Each structure stands twice: as C-alpha cells, then as structure tokens.
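K.L.:
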Amino acid sequence: MAGVRAALWLVGAVFIAAAASHVQAACPANEGPGDGYFMYVWDDAFFNNGDCPGADPANWGNEADCFEQAWSSQSLRSKLWASVRTDVPAERRVSRIALSKIKDIVAGSAAGSASCATAAAANLKATLREAHDASVDVEVYALLATSDAAFSEKDHALMVVAWNEHCADTAAEQFDGIAINNEHFSSIKCVSGAEADMVTFLDDMAEAKANAGTLPVHMSLGWHWGWCSVSGGVPNDIEWGGVTKKATEHMIDILDSFDVQVAWNTAATMADRAHDAGYQYFVDNYSGSKQFYVLAYLNEVDDCRQSFFPVDSCATGDLTEQGVWDAFDDMVDAAAVTSAVAVPLARGGLHYYRGVYSTGFPGWPEHDAAPVIPCVPCADNVACADSGYCQADGTCAESCEVASGVQGCGTCEIAAGADACQACAAGSDEILDYYKRDGTTEKRCCMADGADASRCACGSDETRISNGHCLSCDGDKVVDASGACACPE
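Numbering (the numbering used here), first residue to last: -5 to 483.
(1) Quick one: grab the DSSP three-state call for F322.
(2) Any idea if S223 is buried or exposed, counting beta-carbon neighbours within 10 angstroms, 16 or more meaning buried?
(3) From C46, F179 and F355, pick the residue whose C-alpha is nearest to that of M245; which is it?
(4) Please go through the same chain and pick out, in chain order, the residues whose beta-carbon is closer than 6 Å to the beta-carbon of W36, but skip the five residues on each side of it.
(5) Which of helix, strand or coil does DSSP assign to E360?
(6) For P487, count the other beta carbons within 10 Å of its own beta carbon; 16 or more makes it buried, fewer makes it exposed. Which is it?
(7) What are the residues that DSSP puts in a beta bridge with D38?
(8) Apart from the five residues just before and just after R267, which ones in its own chain have a Cβ nearer than 6 Å to its Cβ?
(9) Rounded to whole angstroms, how far is the Cβ of L137 from the Cβ of N176, which I believe are closer than 8 Å?
(10) What beta strand (DSSP E) runs, 3 residues minimum, are completely inside the region 149 to 233?
(11) Which residues bound the alpha helix (DSSP H) around Y291?
(12) What is the rounded straight-line gap between the Cα of P356 and the Cα of G343?
(13) Answer yes or no: do P338 and A328 have a C-beta to C-beta separation smaller than 9 Å?
(14) Do the CB positions of R348 and F40 come within less than 9 Å of each other?
(15) Is the beta carbon of G311 less than 9 Å from the beta carbon of T260?
(16) Reducing DSSP to helix, strand and coil, say where M441 ends up.
(17) Contact check, F145 vs A202 under 8 Å by CB: the rounded distance?
(18) Go through its chain and collect everything with a Cβ distance to E57's Cβ below 8 Å, but skip five positions before and after it.
(19) Is DSSP giving L137 helix, strand or coil here?
(20) Only counting the same chain, and skipping five residues up and downstream in sequence, which positions put a Cβ closer than 8 Å to that of D38?
(21) Apart from the five residues just before and just after A336, which ones in its own chain have a Cβ nearer than 8 Å to its Cβ?
(22) Measuring alpha carbon to alpha carbon, tell me which of H212, D250 and S69 ends up nearest A124.
(23) Tell me the rounded alpha-carbon separation between A115 and E159.
(24) Just confirm the distance between the C-beta atoms of A165 and A206, as a whole number of angstroms; I'd bet it's less than 8 Å.
(25) Pick helix, strand or coil for K119, following the three-state DSSP scheme.
(26) Tell whether a beta-carbon distance below 9 Å holds between Y135 and I99.
(27) Using the rule of at least 16 other Cβ atoms within 10 Å of the residue's Cβ for burial, across every protein chain shown, is E133 buried or exposed?
(28) Classify P83: buried if its beta carbon has 16 or more other beta carbons within 10 angstroms, exposed otherwise.
(29) Compare the Cα-Cα distances from G317 to each of D81, A52 and R86 and report the closest residue.
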C-alpha cells in the first residue's frame, strides 16, 4: 500500500508541476466540436407519449408512464439529436453530452467479442454512430456515477477504454471521453478527522484520470467544495502532491473539464459561485486547454431557487427555456452582472435532458426531429424512411440487417465498411453517390475493405474522414493512425 500511495503522490506532483508552468497548450487535448453547451443525459427522460397524461410539471415525478430511457430506440434518439443540434439555434447548441446507463453494457468489453455482440451493445453502437454523424456532430462522454466512498468510477474508466479498444468497430462507435459524477466529497468536506479521506478522494480522482488513458475526463464539482465556510472566508486547503491549495484547485489541475453545480437560477449568483469554485484559478492556468461549465439544474428540486424547473411561484429566476439562455448570456457579461463576478470564459451546462428541457412543459418547447417519411420498399437508388431502416421486404427496422440479397439504405453498411447504397467493387477507391433518407444524394467515400479511409479524396481544406464525410481538424490537430483528429505527439 505504501508503494501505491507513493505512486499516487507522484501523480499529484506531476499535475501540480504542470499547473505551475502556466504554459497554455498550443493544441488543447480536449477541444470539442465547438463552443457549445454540455448536457447530461440520464437514464430516464420525460416523454409525453402513449399513456402519459400530458406535458404538465405536475406529472414529472408522479407518472411512470411519462418516462422512457432516453436513447433506447432510433425514434427516441432522433428527439435527443434534435434537442442538442438540429432543432435549436446555433448559439444554443450542445456540443458534448454525458450518456448514462452505459456501465453494465461496457462492463464485459475486455472479455472478448461476445460481450460486444449483445442487443444492448448494438444499440449503444448505433447511438454513438448517430451522435458522430456530421448531421449531429456531438461528442459523447461515458457517464459513470456510482458516487461511492471507494470512487468506483476509477475502475469503471477501464471498462470504457476497453469498449473503445475491443467493441467499437470504427472510431464512430467510440466514446470521446469519460464523465464522472461522484458526490462523496460533500460528506467528508471539512469534517474533523476526515482529512485523510479528502486526500484519498484526490488520489482516486487522479487514478481515474490515469486509468482513462488518452480519453479526457470530466467531473461535476460542488461550488463550495473549496471552502469550509464561504461566508466566513475559510478555505478548504488540502496538501496533495506536495502543494497546499484549495480542494477545487487540485481538482481543476487533475481534470480535463468540469462543471460547477452552482444550484441557483439567477446569473449573478451563478457567476459568484463559479468564482467560489475556482474560476479565476482556471482562467490563470487553463483557459486555453480546459473547459469550465456552469451547470444549471433543469429538474424538480425542493427549493425552486436552485433550478429552472417551472413552478407556480418562485422568488427568483425566469423558469423558462429563454430564462436559462438569458442567465447563461448574462453570467458572462460584465454589464449584465458586474465586472467583479462575470465569468466570460465559462460555458453553460444543462442538467438535464428532458428533466424539463425539451419536454413541452409551459415555457419549455419540445425539440423534435423532422416529420417521419412513410417507409417504402428499398430498390436501387431509393431513400430510406426516417422512422427506421428500410428493408428489402418494405418493412422498417430499428437496426441495419445486411445479409445476402438484402438492400439496406440510410446508414446501413452494404459491404464491409462501405458507407454507400451501392456495393463497392473489391479494392475500389471510387466516390459513390450516397442515397439519403430525404431522397437527395451526396458524394461519400466508398471503403470496400472498411479500413483504409485515406484512399478517399477530400477537398484541400478537408483533412479527415468520419462516417464517410470529409471533415477538418481543428487548430493544430492532425489526423492520427485511426483517421481521427488528435494532437501531434
């Protein structure tokens, strides 16, 4: 145990040394597809479907018929994608989500291919492929939330890495990072006799980061974790890695990104609590290489001031979708709050999808996908239905069933790895028409062997291929061996 503790102390020292250099990385290791919001997608989401009595806040916690697993089918996922990217203004788009209910699916990934071939694994792969398609283009972090004293998420991070290595057939089926929600620190913060437990929490966080390998790690932090008394000005200083500083400053050193649970619904208090959580420390050390999200609660809570969930009367906040957008805009604007508390480099975080966001509740419009196109039999050059994959017999299916004599369209793979509605000749490197579900066509790369995307030609300003699309790498990133954008080694 002494050897393990020494090793973890060394990990902490490495983090501290990196922070002390104050050198901004020319190529951030965790730069998302845009400056969008971060959003949690928990197990269950409110849908006004079937037996649900209506989109009324009164039904939120009392009607089991109103809740479904948010990404269990293609039709439900289409609503998620509409809510984050395709049915919202560009300045309100979500560019990164934390996807829950994945731990049991990825748990057996290292054991071999059998665990990668379950129905649940197929559904997860489809979810990741859809998220990474250029029409959605959202990063997906695996959400780990056991939230126990043992910090079990550090071990579960290995499962996510194993999924990417053993189960994902393509880069599009891999997770982009790991998100951790562990609230145990709240129960030991500044408790007499728990000093060693707080150090252990930091050790475990650093181990989770190490176990994640090259995957970036995000975590949700309490706004007050760096203080024993905010009003009294008593910091929660911890010696870790040979350096003493506030607990949240150590955490900012360790993590690649983080959201701060500010638990309030007015911009000024949200910004104040972001500062309490270490916003200025982030600005001074990591503003070019990490992300700082201010998390807005969008679910029902006991104290209405802590959330934007609609209630009949609340002393603070505009409890509507526009209200949370205004709060995000105002917290970064010195004129809207004050120059002392504005947090211009912070981004908005949403907790959570269909807690109230996109439910259709009063003041919260439901974001939905395009109208469903009736399913028609698949023939040569015929588009597929939006409601599913169009099979040779004219029926719709949730997943692609490619077998001898079966013509699938949409995102179905006809040959091994071929992303087109035409079969690729052996060894072909031609560009074929891709028949889209709306009946239009576009050029996509035909990869007969499913492995070598470099044979497909892209424009001079396009440097990589994802799901058959030519895309550009951001900033200083380059194409790595897997065909993904990454910082040069």
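Virtual Cβ for every residue (Gly too), placed ideally from N, Cα, C.
The model shown is predicted, which means the values in this text are computed figures rather than measured ones.
P.N.:
Taking the coordinates as given:
(1) Counted from its first residue, the sequence shown places residue 322 at position 328. It is helical.
(2) Here residue 223 is taken as the residue at index 229 of the sequence shown, counted from 1. By the 10 Å Cβ count, S223 comes out exposed.
(3) As a position in the sequence shown, residue 245 is number 251, starting the count at 1. Nearest of C46, F179 and F355 to M245, Cα basis: F179.
(4) The residue you call residue 36 lines up with position 42 of the sequence shown. Excluding sequence neighbours, W36 sits near S94 and Y346.
(5) Within the sequence shown, residue 360 is the residue found at index 366, counting from 1. It is coil, neither helix nor strand.
(6) Nothing about residue 487 can be reported from this structure: the residues present for the chain run from -5 to 483 only.
(7) Here residue 38 refers to the residue found at position 44 of the sequence shown. DSSP, once it has assigned bridges, lists Q63 as partnering D38.
(8) Walking along the sequence shown from the start, residue 267 turns up at place 273. Only W217 and V256 meet the Cβ criterion.
(9) Within the sequence shown, numbered from 1, the residue matching residue 137 stands at position 143. Within the sequence shown, numbered from 1, the residue matching residue 176 stands at position 182. Not really, about 11 Å apart at Cβ, beyond 8 Å.
(10) 171 to 174, 211 to 216 and 221 to 223
(11) As a first step, residue 291 is located in the sequence shown; it is residue number 297 there, counting from the start. Y291 -> not in any alpha helix (DSSP H); beta strand (DSSP E) instead, spanning Q285 to Y291.
(12) Taking the sequence shown and counting its residues from 1, one reaches residue 356 at position 362. Taking the sequence shown and counting its residues from 1, one reaches residue 343 at position 349. Approximately 21 Å, taken between the alpha carbons.
(13) Residue numbering aside, residue 338 sits at position 344 when the sequence shown is read from its first letter. Residue numbering aside, residue 328 sits at position 334 when the sequence shown is read from its first letter. Yes, Cβ-Cβ distance for P338 and A328 is below 9 Å.
(14) Stepping through the sequence shown from its first residue, residue 348 is reached at position 354. Stepping through the sequence shown from its first residue, residue 40 is reached at position 46. A contact, by the Cβ cut-off of 9 Å.
(15) Numbered from 1 along the sequence shown, position 317 holds the residue referred to as residue 311. Numbered from 1 along the sequence shown, position 266 holds the residue referred to as residue 260. Yes.
(16) Here residue 441 refers to the residue found at position 447 when the sequence shown is read from its first residue. At M441, the pLDDT of 38 sits below 50, so the modelled position is not reliable and the matter cannot be decided from this model.
(17) Mapped onto the sequence shown, residue 145 falls at position 151. Mapped onto the sequence shown, residue 202 falls at position 208. Contact holds; Cβ gap of about 7 Å.
(18) Within the sequence shown, numbered from 1, the residue matching residue 57 stands at position 63. Taken in chain order, the residues that qualify are C46 and P47.
(19) Sequence index remark: in the sequence shown, residue 137 carries index 143 (1-based). The answer is strand: DSSP assigns L137 an E or B state.
(20) Here residue 38 corresponds to residue number 44 of the sequence shown, with the count starting at 1. Cβ within range, chain order: F61, E62, Q63 and A64.
(21) Reading the sequence shown from its first residue, position 342 is the one you call residue 336. Closer than 8 Å at Cβ, skipping near neighbours: A265, M325, V326, D327, A328 and A330.
(22) Residue mapping note: residue 124 aligns to position 130 of the sequence shown, counting from 1. The question names Ala, but residue 124 is Glu in the sequence shown. Measuring C-alpha to C-alpha distances from E124 to each of H212, D250 and S69 identifies S69 as the nearest.
(23) In the sequence shown, counting from the first residue as 1, residue 115 sits at position 121. In the sequence shown, counting from the first residue as 1, residue 159 sits at position 165. About 14 Å.
(24) Mapped onto the sequence shown, residue 165 falls at position 171. Mapped onto the sequence shown, residue 206 falls at position 212. Actually they do not touch by this definition, with Cβ atoms about 17 Å apart.
(25) Start at 1 with the first residue of the sequence shown, and residue 119 comes out as number 125. DSSP places K119 in helix when its eight states are reduced to three.
(26) As a position in the sequence shown, residue 135 is number 141, starting the count at 1. As a position in the sequence shown, residue 99 is number 105, starting the count at 1. Result no, Cβ atoms of Y135 and I99 do not sit closer than 9 Å.
(27) As a first step, residue 133 is located in the sequence shown; it is residue number 139 there, counting from the start. It counts as buried.
(28) To locate residue 83, count along the sequence shown from 1; it is residue 89. Flag for P83 reads exposed.
(29) Taking the sequence shown and counting its residues from 1, the one referred to as residue 317 is at position 323. The shortest C-alpha separation from G317 is found at R86.
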